[in-house]
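**Q**
Residue numbers (the numbering used here), protein chains in the order written: chain A, 1 to 349; chain B, 1001 to 1379.
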C-alpha cells in the first residue's frame, strides 16, 4: 500500500508535540512519517512505503551491524543524536573494510517530545546520510508514555558490502604491528560533558562525530592486506579498544604517552573533571593495526584525507601472555592502560 | 597544558631522580609513606616508582576518604537511601563501595532507592531547592579539603531557609590519623622513615598541625603537591633530612600551602562542626578526636539526628586485607583476594573501590610489575 498524505491539517511543527496517537498505527502516525521522516530521508527505496526495503547487492562479503542511541543531551556541540546515529552505524560497518550502503532507523519517542526537535533530528540524520552516500531505507516509530523514555531513542541497523579478499578482524594483530590513530582523542566525550547542564564550562571543543568510510577506503587502497584491523574507539575510549584487541589477538600492546594526539582544551577539561582522555569516547576516530613495513604508507594515506590529518603512530604490538596494554608515561615511568571500570560518563552516545 | 605540563616534565623528573639516587645511601633503606590517596594515584599513574632507586620505597597510606569509611557507616547511608522519602546525594566513588549483605548504593538504586550522583554540594543544594517535597541528604565524606564546602552548603541552606536539606556527616581529620599510624595503640605498625604530607588538606589546615607529630615521633614530614614532580622533590627533601639527622616539617608545596592555611575556610568549618570524641576508621579502628559532627545549633540539618541513624559496627570480609594495607603493614599483592575475586569491577574491599585506593591504583596502573610469566596451556 502506498502511503497517502492525509487530507487534514499539516502537523504543527512549531508548537506541536508527539502524543500517543503518533505511535498507534493510525492516521496520525502516517502523517508524522509522511511529513517528518519521508522528506528528511528522501530516497527511492523508502518512498516505496513498504514495511521492508528490497534491493540488489553487489558481489562480496556482506557486513551487518546494529546500534542504539540514547545520548543526553540530544543536541550537543558538533552534532546531535540524529547525525550521531548515522555516523556511528556507518563507522561500525566501515571498520570491517565494508562500503556502507543501507540503514534502518527505529525511533522510540516520548510522549510530549516537541515536533520541532524531532524534525531537526530527522533532517540532521537525512543530511548525514546523504553526505555519507547511504540511504535510510526502512524505519519504525513507537511512542511511549511521558516519563518512560527521555525524549527520543534511536536504534539503527546497517548493511554494507566488503570487497573480496578483505578480512579485517580484531584477532589479527601480530607482534611487531604498528598502531595508528586517525586523530585527536576524547573530543566527543568532552563536547558532551560541556553541554550537560550540571557540568558547565566554556570550551571550544566540538564533537568529532563523522563518517569514516571515506578514510577507511583510502587506507585499504594504500595498504591492502597489510592492514590487519580497524576499530573506532567509542565508549570506553582508546583504552577499551586497545584492551579488546589485546584480548582478541592474544598479544600485548605498548604505547607512548607523548605520541597520543590530544587537544590542549580536551586535556584541560579532563584534568578539571578528573577524567583520563584515554577513556573518553570518540565518534569520528579510528585505531588501525598495520604490518610494520606498511606503517609509513598508511600514515601518509591517512594524513592526505581530511579526517586523518592528525593521524599518529602511537605504539606497537608485542608478544605478552598477560595481554597487558602498557604505556610509557611522559614522566618517564610505566603504567598499565586498563579497561575503564565502572561508569565514567553515562549516555555518551 | 600550561601550569600543568611543567609539573610532569620527564626531563626534570630524570634530573631529580639522579639527585635522589645520589642522596640515597647504599647502606640503608628509605621507607616513606605518602598519606594521601591523591599522591598514591599520582605515583601509580605516572609510573614514579620506575624512577626511584631500589632502596627508596613508597608505602601507601590511608588518606583515601572512601577507603577509610567503615562498613557500618556505608550501611547507614544505604539505609538512608532506602527510606522512600529520602533522596541521597553522593559522590560517584561511593556508589560501588560494598556494605554488609552484598549491598551497595548502586544496588540499592537499581532496587528503587533514590540515589543521585553529584559533583559538589552545590548540586545537592540545587536538588533540594528544585524538589521541595523530597528530603535531600548529602552523603558528606572526606578530609579537611571537602569539609569547608559542606560547611558552606549548610550555611547556605540556613540562610535560604531550606527545610529539606540534610547532611550525613563523615568528615575526618588528617593529623589524628597520621598519629594513629605511627604511635599509640597495640596494632601492628609499619616501619617508616618519613611522610609525604597532604597537598589539598594542607592548603586548608596549613603546616602547623604537623609540627608536634614530627617532633614527638622524630619523623620528617614534607608537604607536597599532587603532581608527580612535587612527589619526586618531596622524596629528595625527605632523604636529605634523614641523611642530615633532621626531622622537621618542610613545605614543598609553597605555591599553595601556608603556615596557617585558609583562615576563612577554617572559620566556616569551626562555625558548623565540632570534633567527635571518637570515630571508627576502616583498618585503623576507633581514633579519638579524628572526625567531625554538626554542632547542636545546626541539628536541623543533621541527618544522623533527624533520621535517627544508629551505626552498627559491621565486619569486613575476613580474607580482606584492607585494614593492614591502609596501615601500610601489607601491600596489595599480599592480599589473597587482590586481583582474584577483588578487582575494580567487583571490589570486595574499599581499597579496590576508589581510584585513590592503593589496591585500585596498583591494579589499574602497576600490576605489570609483579607479573610472572604465564604457563602456556597445553594445546
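Just so it is clear, CB atoms sit at the ideal spot from N, CA and C, and this is done for glycine as well.
Please report how far the alpha carbon of residue 150 (chain A) lies from the alpha carbon of residue 272 (chain A), in whole angstroms.
**A** As a first step, residue 150 (chain A) is located in the first chain; it is residue number 150 there, counting from the start. As a first step, residue 272 (chain A) is located in the first chain; it is residue number 272 there, counting from the start. Approximately 28 Å between the Cα atoms of the pair.
**Q** Check the Cβ-Cβ distances between residue 329 (chain A) and every residue of chain B, and say whether any is below 9 Å.
**A** One-based indexing of the first chain puts residue 329 (chain A) at position 329. Yes, its Cβ sits closer than 9 Å to a Cβ of chain B.
**Q** How many Å lie between residue 138 (chain A) and residue 55 (chain A) at the Cα?
**A** What you label residue 138 (chain A) is simply residue 138 of the first chain in a count that begins at 1. What you label residue 55 (chain A) is simply residue 55 of the first chain in a count that begins at 1. Each residue's alpha carbon lies about 12 Å from the other.
**Q** The alpha helix (DSSP H) with residue 243 (chain A) in it runs from where to where?
**A** The residue labelled residue 243 (chain A) in the question sits at position 243 within the first chain. Its alpha helix (DSSP H) spans residues 237-249.
**Q** Taking the straight line between their C-alpha atoms, what separation do you get for residue 1324 (chain B) and residue 1044 (chain B)?
**A** If you number the second chain from 1, residue 1324 (chain B) lands on position 324. If you number the second chain from 1, residue 1044 (chain B) lands on position 44. Each residue's Cα considered, the two are about 20 Å apart.
**Q** I need the straight-line Cα distance from residue 1007 (chain B) to residue 264 (chain A), nearest angstrom please.
**A** The residue given as residue 1007 (chain B) occupies position 7 in the second chain. The residue given as residue 264 (chain A) occupies position 264 in the first chain. Distance between the alpha carbons of residue 1007 (chain B) and residue 264 (chain A) is about 16 Å.
**Q** How should residue 1263 (chain B) be labelled, buried or exposed, when 16 other C-beta atoms within 10 angstroms of its C-beta is the threshold for buried?
**A** On the second chain, residue 1263 (chain B) is found 263 positions in, with the first residue counted as 1. Exposed, by the Cβ-count rule.
**Q** Taking the straight line between their C-alpha atoms, what separation do you get for residue 1326 (chain B) and residue 120 (chain A)?
**A** Within the second chain, the letter at position 326 stands for residue 1326 (chain B). Within the first chain, the letter at position 120 stands for residue 120 (chain A). When rounded, the distance between both Cα atoms is 54 Å.
**Q** Starting from the C-beta of residue 1079 (chain B), find all residues in its chain whose C-beta is less than 8 Å away, skip the five residues before and the five after it, and write them out in chain order.
**A** Position 79 of the second chain holds residue 1079 (chain B). Excluding sequence neighbours, residue 1079 (chain B) sits near 1309.
**Q** For residue 1312 (chain B), which residues of its own chain have a beta-carbon under 8 Å away from its beta-carbon, when the five flanking residues on both sides are left out?
**A** Here residue 1312 (chain B) refers to the residue found at position 312 when the second chain is read from its first residue. Hits under 8 Å: 1072 and 1075.
**Q** Using CA atoms only, rank isn't needed, just tell me which of B:1068, B:1058 and B:1239 is closest to residue 1018 (chain B).
**A** Locating residue 1018 (chain B) in the second chain gives position 18, counting from the first residue. It is B:1239 whose Cα lies nearest to the Cα of residue 1018 (chain B).
**Q** Please name the residue or residues paired with residue 1141 (chain B) in a DSSP beta bridge.
**A** What you label residue 1141 (chain B) is simply residue 141 of the second chain in a count that begins at 1. DSSP, once it has assigned bridges, lists B:1170 as partnering residue 1141 (chain B).
**Q** Whole angstroms are fine: how far does the CA of residue 1069 (chain B) sit from the CA of residue 1315 (chain B)?
**A** Working through the second chain from its first residue, we reach residue 1315 (chain B) at position 315. Working through the second chain from its first residue, we reach residue 1069 (chain B) at position 69. Straight-line Cα distance between these residues: approximately 13 Å.
**Q** Starting from the N-terminal side, write out each stretch of the alpha helix (DSSP H) that is 4 residues or longer and does not extend beyond the segment 256-311 of chain A.
**A** Whole alpha helix (DSSP H) segments, 4+ residues: 264-273 and 295-303.
**Q** Mapping the DSSP letters down to three states, classify residue 1273 (chain B) as helix, strand or coil.
**A** By one-based count along the second chain, residue 1273 (chain B) stands at place 273. Residue 1273 (chain B) falls in the strand class under three-state DSSP.
**Q** When we look at the beta-carbon of residue 1378 (chain B) and count the other beta-carbons within 10 Å, is it buried (16 or more) or exposed?
**A** One-based indexing of the second chain puts residue 1378 (chain B) at position 378. Residue placement at residue 1378 (chain B) is flagged as unreliable, the pLDDT there being 43, under the threshold of 50; a coordinate-derived value is accordingly withheld.
**Q** Let me check understanding here. Comparing Cα to Cα, which of A:194, A:283, A:254 and A:97 lies closest to residue 211 (chain A)?
**A** In the first chain, residue 211 (chain A) corresponds to position 211, counting from 1. When each option's Cα is compared against that of residue 211 (chain A), the closest is A:283.
**Q** What did DSSP end up calling residue 1290 (chain B) once you bin it into helix, strand or coil?
**A** Working through the second chain from its first residue, we reach residue 1290 (chain B) at position 290. Reduced to three states, the DSSP call for residue 1290 (chain B) is coil.
**Q** What ranges does the beta strand (DSSP E) occupy inside the segment 154-236 of chain A, keeping only unbroken runs of at least 3 residues that lie completely in it?
**A** Here the runs fully enclosed are 178-181 and 227-231.
**Q** If the cut is a Cβ gap below 7 Å, which residues of chain B does residue 267 (chain A) touch?
**A** Translated into the one-based positions of the first chain, residue 267 (chain A) becomes position 267. Result: 1001.
**Q** On the criterion of 16 or more Cβ atoms from any shown chain inside 10 Å, does residue 425 (chain A) qualify as buried, or is it exposed?
**A** Outside the shown range of chain A, which is 1 to 349, sits residue 425 (chain A), and nothing can be said about it.
**Q** Return the CA-CA distance between residue 1020 (chain B) and residue 1032 (chain B), expressed in angstroms with no decimal places.
**A** Translated into the one-based positions of the second chain, residue 1020 (chain B) becomes position 20. Translated into the one-based positions of the second chain, residue 1032 (chain B) becomes position 32. Residue 1020 (chain B) and residue 1032 (chain B): Cα-Cα distance of roughly 13 Å.
**Q** To test your reading of the DSSP string, which unbroken beta strand (DSSP E) runs of 3 or more residues are found completely within the segment 1050-1132 of chain B?
**A** List check, beta strand (DSSP E) in window: 1056-1063, 1086-1090 and 1114-1117.
**Q** Does the beta carbon of residue 322 (chain A) sit closer than 9 Å to a beta carbon anywhere in chain E?
**A** Judged by its chain identifiers, the structure shown contains no chain E, and its protein chains are A and B.
**Q** Quick one: measure Cβ to Cβ for residue 317 (chain A) and residue 269 (chain A), integer angstroms, because I've assumed they're closer than 8 Å.
**A** Your numbering for residue 317 (chain A) matches position 317 in the first chain. Your numbering for residue 269 (chain A) matches position 269 in the first chain. Not a contact, Cβ separation roughly 31 Å.
**Q** Identify whether residue 95 (chain A) lies in helix, strand or coil by the three-state DSSP scheme.
**A** As a first step, residue 95 (chain A) must be located in the first chain, where it is residue number 95. Three-state DSSP puts residue 95 (chain A) in coil, outside helix and strand.
**Q** Do you know offhand how far residue 70 (chain A)'s Cα is from residue 349 (chain A)'s?
**A** On the first chain, position 70 is the one that residue 70 (chain A) refers to. On the first chain, position 349 is the one that residue 349 (chain A) refers to. Going by the C-alpha atoms only, they are around 6 Å apart.
**Q** With a threshold of 6 Å on Cβ separation, who are the neighbours of residue 1118 (chain B) within its own chain once the five nearest residues in sequence on each side are excluded?
**A** Residue numbering aside, residue 1118 (chain B) sits at position 118 when the second chain is read from its first letter. Excluding sequence neighbours, residue 1118 (chain B) sits near 1089 and 1124.
**Q** Comparing alpha-carbon positions, which option in A:187, A:144, A:228 and A:152 lies nearest residue 370 (chain A)?
**A** Outside the modelled stretch of chain A, which goes from 1 to 349, sits residue 370 (chain A), for which no answer is possible.
**Q** Which residue or residues does DSSP assign as beta-bridge partners of residue 993 (chain B)?
**A** No answer is possible for residue 993 (chain B): it lies beyond the span of chain B, which begins at 1001 and ends at 1379.
**Q** Quick one: is residue 1373 (chain B) near chain A, going by C-beta distance under 9 Å?
**A** Numbered from its first residue, the second chain carries residue 1373 (chain B) at position 373. So, interface residue.
**Q** Can you give me the C-alpha to C-alpha distance between residue 163 (chain A) and residue 127 (chain A), rounded to a whole angstrom?
**A** The sequence position of residue 163 (chain A) within the first chain is 163, counting from 1. The sequence position of residue 127 (chain A) within the first chain is 127, counting from 1. If you take the alpha carbons of residue 163 (chain A) and residue 127 (chain A), they lie about 26 Å apart.
**Q** Identify whether residue 1253 (chain B) lies in helix, strand or coil by the three-state DSSP scheme.
**A** For this step, residue 1253 (chain B) is matched to residue 253 along the second chain. The answer is coil: DSSP assigns residue 1253 (chain B) none of H, G, I, E or B.
**Q** With 9 Å as the threshold, decide whether the Cβ of residue 1345 (chain B) is near any Cβ in chain A.
**A** In the second chain, counting from the first residue as 1, residue 1345 (chain B) sits at position 345. Residue 1345 (chain B) counts as touching chain A.
**Q** Given a cut-off of 9 Å, decide if residue 1037 (chain B) and residue 1063 (chain B) are closer than it, judged by their beta-carbon atoms.
**A** Here residue 1063 (chain B) is taken as the residue at index 63 of the second chain, counted from 1. Here residue 1037 (chain B) is taken as the residue at index 37 of the second chain, counted from 1. Contact flag set, yes.
**Q** Check whether the Cβ of residue 56 (chain A) lies closer than 9 Å to any Cβ atom in chain B.
**A** As a working mapping, residue 56 (chain A) is identified with position 56 in the first chain. Closer than 9 Å: no.
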